[in-house]
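Q: Here it is: the structure, laid out below.
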Amino acid sequence: MIESIAIVIGQAAAYLLVAPFIVGLIRKVKARLQCRQGAGVLQPYYDLVKLFQKDVVVSTNTSWVFTATPYILFASTLAASLLAPVFLSQVPFNFAGDVITVVYLLALGTFFLILAGLDAGSAFGGMGSSREAIVASLTEPAMILSIFAVGLTAGSMNLSTIVHKTALFQEIVTDPPPHLMAFVALFIVTLAETGRVPVDNPATHLELTMIHEAMVLEYSGRYLALVEWASALKLLLFLTLLSNVFAPWGIATERDPAWMAVGLAVWLVKVSGLAVAVGVIECMFAKLRLFRVTDFLGVAFILSLLALVFFYILRV
Amino acid sequence: MGGMRPDIASQMVDLCSALLLLTCFAIIAQRRLSACVDLFALQSVFLAGTAALVAFLTGIHHIYIAALLTVIIKVVIIPRILKKVIERLNVTRELVLNVNIPPSLLICGALVILAFSITQPIISLGFLLTKDSLAIALAIVLIGFFTMIARKKAVTQVVGFLVIENGLFLAATAAAYGMPLIVELGVFFDVLVAGLIIGIYTHRLQDTFDSVDTSKLTELKE
Amino acid sequence: MDVALIGLIAMPLIAGLLSLAMRTRRSMERLQCAHAAVLLVAMSVVVMNVAEGSVITIGILLRADALSAFLDLMLAFVGATSLLYALGYMGEESTRGHVLHRRYRRFFCLFNLYLFAMLLAANVDNIALMWIAIEGSTLSAALLIGFERTKAALEAGWKYIILSFVGIALALFGTVLVYYASEHVLGVSMEALRWEDLYRVAAELNPTALKLAFVFVLVGYGTKAGVAPMHTWLPDAHGEAPAPVSAMLSGLMLNLALYAVLRFKSIVDRAVGADFTEPILLGLGLLSVAIAAIFLMVQRDYKRLFAYSSIEHVGIALVGFGIGGPVGVFGGLFHMFNHALAKSTAFYAAGMVMLRRGHKTIERVTGLVRQMPLVGGSMLLATLALAGMPPFGLFVSEVLIVTGAYGRGQWMAYVFLGLLAVAFATLLSQVFRMALGEPMEEGVPVTDRTRRFTASALVINLTAMVYSGTHMPGFLHDLFLPMTRLFGVTVEIP
Amino acid sequence: MIETSLLFTLLGYGLGILLPLLAPRRPRIQNTLAHGAAVLGSVGGVQVGAAGLAADAPFTVSLPSSLPLLRYAVRLDPLAAFFVTTISLVGVAASIFALGYVKEFYGRYSVGALGALYNAFLLSMTLVVMADDGFFFVVVWEIMSLVSYFLVVTEHEKAEVRYAGFFYLIMAHVGTAFIIVTYLVFYQQAGSFSFEAFRNLSEPLPQALRSVVFAAALVGFGTKAGIVPLHVWLPYAHPAAPSHISALMSGAMIKTAIYGMVRVYFDFLGGEFPWWWGFVILTVGAVSALLGVMYALMEHDLKSLLAYHSVENIGIILMGIGAGMIFQSYGLTNLAALGLLAGLYHTINHAMFKALLFLGAGSLLYATHTRNMEEYGGLIRKMPWTAFFFLVGAVSISALPPSNGFVSEWLTFQSLFLSFQIPDLLMKMMLPIGAAMLALTGVLALACFAKAFGISFLAMPRSSHARHAREVPPAMRAGMAGLAVICVLLGLAPMLVVPALDRVTTPLVGESIADKVLAEGGFALMPMGTGFASISPPVLGILLVSLVPVALLLAVIVGGKLRKRFYKTWGCGINLTPRMEYTATGFSQPIKQVFSTIYRPTVKLETELMEESRYFAKRMMFETHIEPVFQKYLYDPVVRSLNAIADRLRVIQAGSLQLYLAYIFVALLLLLLWVR
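Protein chains in written order, with our numbering: chain A, 1 to 316; chain B, 317 to 538; chain C, 539 to 1032; chain D, 1033 to 1708.
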């Protein structure tokens, strides 16, 4: 029991502490590829601290929804990330929810974020909210299908069960093609869900293009800090999914401190690698028009569907 | 059987009813309105004759009364009413036809054949004396009906209707040796009243539409 | 009980003759109310007696078995309410000066004679005398239809006269044919015309003659019943006649004509078997429903609208009899009964609208429920009943008939249901337009004196409708068993 | 126990029908009597339902009628009991709500009639699900339609209300015709209309007839349920009714159709059917769900929006049931039970939150006298309670954890995912695609309710209506609060709901799965116990609630005390006015763009330029519509062709006497020849 609690706390800590670093890393990679020096990878930490200490400016139009949202967003994202294993394959909260739960917990945050965007009554917020809504609605099916395709191989939809079995090759019946397709699909979903290029550009504040930034435009001080932190957390969560669900090797399968430490290290390497990949992609592609995003996500959906089909075809 | 050979008797009855049928054709072939009425009167005479003959031959006496009533109502009263109507309403004497005369005659011929063929299986039931009357009666009814369809004037429709009545009467008296007296009386009463009411209506029609050309009565439709 | 039967039949005649002597409107009202009361009392005595299983026969002339009693029930009840209603309606017309007192008296005279003729026809024990009585009712009806001497009324009356006289003539020919067949068994005599004896010897009668006879009778009385394709006079007559007369035509005349057809059917079936008559009835019934459904759609005149709905319901009843079997026959009879109630209610309401608005155009009538709650409401309810909605009896009978139809063959049931649905939609779409919404014109409200009568008539009918729909009264229940036996079937009612 | 509470219920509703009509014409008294009685009746109904669920053997009563084939037979088995509970729960809340809401109608409409009809409506629904005789069922079913019709046209001075009501009644009647056909097939075999006879036929129906039953029941009940494409009446009728009636119609009435389908397919047909039945149901469900939510997104009329969501949720319910049917036909009874259970779970959930949302919409209508969302805004400050309850409803219907909607949708997901146990490859692949569609539906619903709540309650008031709105009276709030609490409970306590539902499904499918579904001592749901997937709503709830303080704590630790400053929203330098706010139309614009193939939007833009310069517009007129595809291509043609036929055939009644005579003549001759 104590152990479990410790593990939960450890996992939460890992997520919370690593999340800003990933953001910083991506920014760094982009800067380098753009032949800039760029800020240090630890910059996001400083930003967060500064934001936490700043005063908060709240619009007179807003209601309690606006002030509650950052906390709800933070809580739901953290709750979701507690379901995805980091360094230990069997997380204590495994029984509490499967991948669908993860998706819907994130959706809970999105829901309130959309409300918050509308709450201040500025046109930007509304615009951001409506765009966020369409993007979110287009990503969900692809995400669920792709994870299902993988879940089938492990015969489970609970993340840590998948990870555990895959790590140990227990009753795993995996073929490369569906796995690969699902991976690509989920990667695209990641870019869309976490508001990266080519779907959204976290670095812009140009009202014609921004989505996520427009939604949170009215936030400042610690509210902004919480929102930023939560979105960083979300990004990390997705990268973790990509790494641990598709290639969980190295993760600890028993509660052995040394092994867990190794697992943690491996995980760090994996997510950093993915982060670099994200950064590279951000530099290689331009942001798509909003109505082109559909095609992009359509690809993800088709891929996940194909993954499913192939899974069965290769069975017969 | 007033001492007469059955076959002759039956032939006489047949002769009379045949004459009835012929007058029908005459009515169909007739263009002049008043002549139609006259022919109807003539037909009624034949009808009365047939009835009297049947009464004489069978000795069922109340048929005499029926014959008498026929003469009174159908030979005297109704034709007079109709004539009056024709006079007073100065109905144009030329009939207006839906169906022209030659085709009408052909159709009526067909109707007669039909009548015979339909009644043929039950003729055997009939009394030897009047075995063909039923078929003829049916034929008259059908022809009367056809007249009502083929002619446009209100008066001719009345004539057609009365011809149907004659056919019915023939069926009742000749074919079935007359219904019980009370029934006969009732029927006659109804016919009389019917004639009266029709008369009333033709008046009102004339007053309101100043014409009795029923083809003008097409206001009520969908 | 003989007294009751005689009283039932004679009362209208007496009242009719007396009403010519009535000097004032009040005296007329007294007379007719008394008349209505007597009718109801006598009727209930007769019905109760017959329900206990006895058959009332008086001499060789009158005979009231279950079927006749069933007709008496409808004739007396609807007759009584329509008398009440007529007092209101005609009273209003005369106070407004549309009708002189002379004609007001004449109207009631004719109205009562009409009722008399129908009651006689329903109870006389002689196919020929029945014909005479029905002819009599036709004559009085002819004058009643043309009562308002407008062009349209005259035209309608004329068409009614010609068509129904021709029809009735054909019916007489059929009657003669039956006599022609029966006198060979019973000899040239009154017996050869009596139901009693015809039922007795039916089996020995010549089949072909009876078949021919049935065709003539069906076409003949079918014309009066408004069975397609002989229905063409019906919308005109119902549309132009004064509302009480329309109610009588639809609620009683059609049922009486059906009664005649049924009588002959019950004899012919005994002789040649039901599978001769049933297909004919079925075909004509479906045809009627179809034609009615179509014409309900294009209707612009609310009285004609209800007229076509009458054609539809006669058709439904015929389908019931055509299907045969306990379910079909019961359904048909029950349908006749409920239709009499609902349709008379509908025409009462329509008449009130007519009095208020002075026209019959559906488009120009709206907001009845707002303007005249009772009238609008009862028109709405009556229409829903006619459309086949519970808690009204027509729903029950329609479901029963559909059930029977399905037994006869799936597709018939489907077609029938489809036609019913179309009729439902078209009828309701028209009546909702009138009943709901805001009234678009004020019109002339009727006097309270009028409203007293009309309202009571409406309320009585409505209560009867709901009652018979939710629960069939015991005496009716007792009537149905022998009635259905008349058609060689026994329906088991829990 | 059951008898007494049943009598209590009937008494309550009966009084509710009679008293308001007999009471003096004072609206206040009539209102109190009618809806007070309704509260009593529906409370009794809840008791009946609960007792029925607990009872071991079905409870039956049967009274003979004086009409042939008709029996007033009532039977309370778990299935019926479940639906009685659902209906009555909605009834209780709606009746309490009505006590306040009906004040709106004082003086304008007959409160007595309204109240009486309201009670009749509740009674008829209760009887529909309890009826144990086909004929009786059809009678009460039709009465239910009729009464609800009258309730819909309460405000019949409005043309659109009249149209809505008429359309509804016609569709309902057509549906009934199909239901009658369904029962006739059984009647032919059983020789009686009693459900008992339907259940155990002497010899089973031939396959052809079974298919007839399937199709007829699908169309018949589907019309009432509002499955695409038979849903067209629903978005008209439900909004047109007074809001507490809308709540009953959307929350309870359309569920009777679900009841009918389950009754016929699983009970009468004994759950023996080919795989394609289930597949058809599943497809219909998926299409309804998706199209329902999509059309909902385009609505600015709050009540129409909710009505379209009923179509969506009926779709979700049918997806669960359809999956169950597929499993059933492959003999996977425990999975069949799961699918059915998911469907029923969503049924009661939808009943609760949809009723809650409609009551919320009613409150907005009551406060602002408009249904147009574009005229709301900022209401969260005017009416905090309503806002909160509406938010609870919105979260539930968007299936966000740990709400009840999430739990039932999750179960539906599972029953779709577990399809990998089906031997047939096609089904293996189809059901997950269904899951994908369900996911899409879920998120679109989220978007839709983010729009509904955000535009209606947040930011600045968009009209004087909204500016002058006031919180609604306590009775209305109480009604909403009750439902909100039930929603939360249904979400957090599945360990109580699942066993109850299991009692319903066990007799239908023949296998009890409660123990297989519940794990961790009831705190987690783990379908079929295979560890394939599991959730624990209570734990999730606790987690979320406990992590919010964590966030606060972190904030305080890092940032110290919170210092807030209030300032007006930055409006690019000029003062922000409501006219600059994002509208509902604007919000859903991207979605309209993306799915334009479905919406087929038509846009009309008129610009009137100034004569001085063509670079300045004097006024611009923009209007956009989405094409009502089904009415345009499915219903209108039928109506038009019927009218055309009728118009052609008018010549029959041409008015010529000779023609009429000819009809008779021809009829006579034909018959004579036929005889011969």
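Glycine residues also receive a C-beta, built at the ideal position from the N, C-alpha and C atoms.
1. In three-state DSSP terms, what is residue 469/B?
2. Can you list the residues of chain C that residue 1100/D reaches, using a CB-CB cut of under 8 Å?
3. Which residues of chain A have a Cβ atom closer than 9 Å to the Cβ of residue 993/D, listed in chain order?
4. Give me the Cβ distance between residue 107/A and residue 1432/D, rounded to the nearest whole Å; I'm assuming they're in contact under 8 Å.
5. Grouping DSSP H, G and I as helix and E and B as strand, with all else coil, what is residue 325/B?
6. Mind checking whether residue 1499/D and residue 1613/D have CB atoms under 8 Å apart?
7. Taking all protein chains shown into account, do 16 or more other C-beta atoms lie within 10 angstroms of the C-beta of residue 1044/D, making it buried, or fewer, making it exposed?
8. Leaving out five residues on either side along the sequence, give the residues of the same chain with a beta carbon under 6 Å from the beta carbon of residue 317/B.
9. In whole angstroms, give me the CA-to-CA distance for residue 1374/D and residue 1437/D.
10. Looking only at C-alpha atoms, which of 515/B, 497/B, 538/B, 396/B sits nearest to residue 378/B?
11. To the nearest angstrom, how far is the alpha carbon of residue 1253/D from that of residue 943/C?
12. What's the gap between the Cα of residue 727/C and the Cα of residue 782/C?
13. Counting pairs of beta carbons, one from the segment 1548–1561 of chain D and one from the segment 1363–1381 of chain D, are three or more of them closer than 8 Å?
14. What residue range does the alpha helix (DSSP H) around residue 58/A cover?
15. Grab the span of the alpha helix (DSSP H) containing residue 780/C for me, first residue to last.
16. Give the list of continuous beta strand (DSSP E) stretches no shorter than 3 residues that lie fully inside the segment 1050–1106 of chain D.
17. Helix, strand or coil: how does DSSP classify residue 898/C here?
18. Any idea what DSSP makes of residue 1657/D, helix, strand or coil?
19. Below 9 Å on C-beta distance, what does residue 1686/D contact in chain B?
20. In the DSSP assignment, what residue or residues form a beta bridge with residue 600/C?
21. Along chain D, which residues have their Cβ under 7 Å away from the Cβ of residue 465/B?
22. With a 10 Å radius around its C-beta and 16 neighbouring C-beta atoms as the bar for buried, classify residue 1599/D as buried or exposed.
23. Would you list, in chain order, the members of the segment 722–735 of chain C that have their beta-carbon closer than 9 Å to a beta-carbon of chain B?
24. Residue 1704/D versus chain B: which residues are under 7 Å apart at the beta carbon?
25. Taking residue 1228/D as the query, report the chain C residues whose CB atoms sit under 7 Å from its CB, ordered along the chain.
26. Among residues of its own chain, excluding the 5 on either side of residue 427/B, which ones have a beta-carbon nearer than 8 Å to its beta-carbon?
27. Can you name the residues of chain D whose CB is closer than 9 Å to the CB of residue 461/B?
28. Counting Cβ pairs, one atom from each stretch, are 3 or more of them under 8 Å apart for the segment 572–587 of chain C and the segment 607–620 of chain C?
29. Would you call the CB atoms of residue 230/A and residue 73/A closer than 8 Å?
30. Taking 8 Å as the threshold, find out whether the segment 210–218 of chain A comes into contact with the segment 121–132 of chain A through three or more Cβ pairs.
31. Let me make sure I understand the geometry here. Which of 802/C, 913/C, 703/C has the alpha-carbon closest to that of residue 890/C?
32. Would you say residue 673/C lies against chain B (beta-carbon separation less than 8 Å)?
33. Which residues in the same chain have their Cβ closer than 7 Å to the Cβ of residue 543/C, if we skip the five residues on either side of it in sequence?
34. Verify the CB distance criterion: does residue 1167/D have a CB-CB separation below 8 Å to chain C?
35. Might you give, ordered along the chain, the residues of its own chain that have their beta carbon closer than 6 Å to the beta carbon of residue 851/C, omitting 5 neighbours on each side?
36. Rounded to the nearest angstrom, what separates residue 1629/D and residue 135/A at their Cα positions?
A: Once the coordinates are examined:
1. Start at 1 with the first residue of the second sequence, and residue 469/B comes out as number 153. Three-state result, residue 469/B: strand.
2. Here residue 1100/D is taken as the residue at index 68 of the fourth sequence, counted from 1. Within chain C, the residues near residue 1100/D are 864, 865, 868, 938, 1029, 1030, 1031, 1032.
3. A query on residue 993/D cannot be resolved here, the shown segment of chain D reaching from 1033 to 1708 and no further.
4. To locate residue 107/A, count along the first sequence from 1; it is residue 107. To locate residue 1432/D, count along the fourth sequence from 1; it is residue 400. Going by Cβ atoms, the distance from residue 107/A to residue 1432/D rounds to 6 Å, so yes, they are a contact pair.
5. Taking the second sequence and counting its residues from 1, one reaches residue 325/B at position 9. Reduced to three states, the DSSP call for residue 325/B is helix.
6. As a working note, residue 1499/D is residue 467 in the fourth sequence. As a working note, residue 1613/D is residue 581 in the fourth sequence. Not in contact: residue 1499/D and residue 1613/D (Cβ atoms no closer than 8 Å).
7. Taking the first residue of the fourth sequence as position 1, residue 1044/D is located at position 12. Classified as buried, residue 1044/D has 16 or more neighbouring CB atoms from the shown chains inside 10 Å of its CB.
8. The residue labelled residue 317/B in the question sits at position 1 within the second sequence. For residue 317/B, the predicted model reports a pLDDT of 42, less than 50, meaning its position is unreliable and no value from the coordinates is stated.
9. Here residue 1374/D refers to the residue found at position 342 of the fourth sequence. Here residue 1437/D refers to the residue found at position 405 of the fourth sequence. Each residue's CA atom was taken as its position, placing residue 1374/D and residue 1437/D some 11 Å apart.
10. Locating residue 378/B in the second sequence gives position 62, counting from the first residue. Comparing Cα positions, the closest option is 497/B.
11. The residue labelled residue 1253/D in the question sits at position 221 within the fourth sequence. The residue labelled residue 943/C in the question sits at position 405 within the third sequence. For residue 1253/D and residue 943/C, the distance between alpha carbons rounds to 23 Å.
12. The count along the third sequence starts at 1 and reaches residue 727/C at position 189. The count along the third sequence starts at 1 and reaches residue 782/C at position 244. Residue 727/C and residue 782/C: Cα-Cα distance of roughly 40 Å.
13. The segment 1548–1561 of chain D makes contact with the segment 1363–1381 of chain D; the number of CB pairs closer than 8 Å reaches 3 or more.
14. Counting from one through the first sequence, the residue named residue 58/A turns up at place 58. From DSSP, residue 58/A is part of no alpha helix (DSSP H) but of the beta strand (DSSP E) over 56–59.
15. Counting from one through the third sequence, the residue named residue 780/C turns up at place 242. The continuous stretches of alpha helix (DSSP H) do not include residue 780/C, and DSSP gives it neither H nor E.
16. Listed in chain order, the complete beta strand (DSSP E) runs (minimum 3 residues) inside the segment 1050–1106 of chain D are 1091–1096.
17. Here residue 898/C corresponds to residue number 360 of the third sequence, with the count starting at 1. DSSP, read as helix, strand or coil, puts residue 898/C in coil.
18. Looking up residue 1657/D in the fourth sequence gives position 625. Three-state DSSP puts residue 1657/D in a strand.
19. One-based indexing of the fourth sequence puts residue 1686/D at position 654. Residues of chain B passing the Cβ test: 534, 537, 538.
20. In the third sequence, residue 600/C corresponds to position 62, counting from 1. Looking at the DSSP output, residue 600/C shares a beta bridge with 596/C, 662/C.
21. Taking the second sequence and counting its residues from 1, the one referred to as residue 465/B is at position 149. Against residue 465/B, the close residues of chain D are 1690, 1693, 1694, 1697, in the order they occur along the chain (beta-carbon pairs closer than 7 Å).
22. Here residue 1599/D is taken as the residue at index 567 of the fourth sequence, counted from 1. Its Cβ having fewer than 16 others within 10 Å, residue 1599/D is exposed.
23. Residues of the segment 722–735 of chain C with a C-beta atom less than 9 Å from some C-beta of chain B are 722, 726, 727, 728, 730, 731, listed in chain order.
24. Start at 1 with the first residue of the fourth sequence, and residue 1704/D comes out as number 672. Neighbourhood of residue 1704/D in chain B, by CB distance below 7 Å: 434, in chain order.
25. For this step, residue 1228/D is matched to residue 196 along the fourth sequence. Within chain C, not a single residue places a beta-carbon under 7 Å from that of residue 1228/D; the smallest gap is close to 15 Å.
26. Against the second sequence, residue 427/B aligns to sequence position 111. Cβ neighbours of residue 427/B beyond the five flanking positions: 455, 458, 459, 462.
27. Walking along the second sequence from the start, residue 461/B turns up at place 145. Within chain D, the C-beta atoms nearer than 9 Å to that of residue 461/B come from 1693, 1696, 1697, 1700, in chain order.
28. Proximity of the segment 572–587 of chain C to the segment 607–620 of chain C meets the contact definition, three or more beta-carbon pairs being nearer than 8 Å.
29. Locating residue 230/A in the first sequence gives position 230, where the first residue counts as 1. Locating residue 73/A in the first sequence gives position 73, where the first residue counts as 1. When the beta-carbon positions are compared, residue 230/A and residue 73/A come within less than 8 Å of each other.
30. Short answer: they touch.
31. Translated into the one-based positions of the third sequence, residue 890/C becomes position 352. Ranking 802/C, 913/C, 703/C by CA distance to the CA of residue 890/C puts 913/C first.
32. On the third sequence, position 135 is the one that residue 673/C refers to. Chain B contact via Cβ: present.
33. One-based indexing of the third sequence puts residue 543/C at position 5. 584, 594, 596, 600, 602, 661, listed in sequence order.
34. On the fourth sequence, position 135 is the one that residue 1167/D refers to. Chain C contact via Cβ: present.
35. As a working mapping, residue 851/C is identified with position 313 in the third sequence. Excluding positions up to five away in sequence, the list reads 877.
36. If you number the fourth sequence from 1, residue 1629/D lands on position 597. If you number the first sequence from 1, residue 135/A lands on position 135. Distance between the alpha carbons of residue 1629/D and residue 135/A is about 18 Å.
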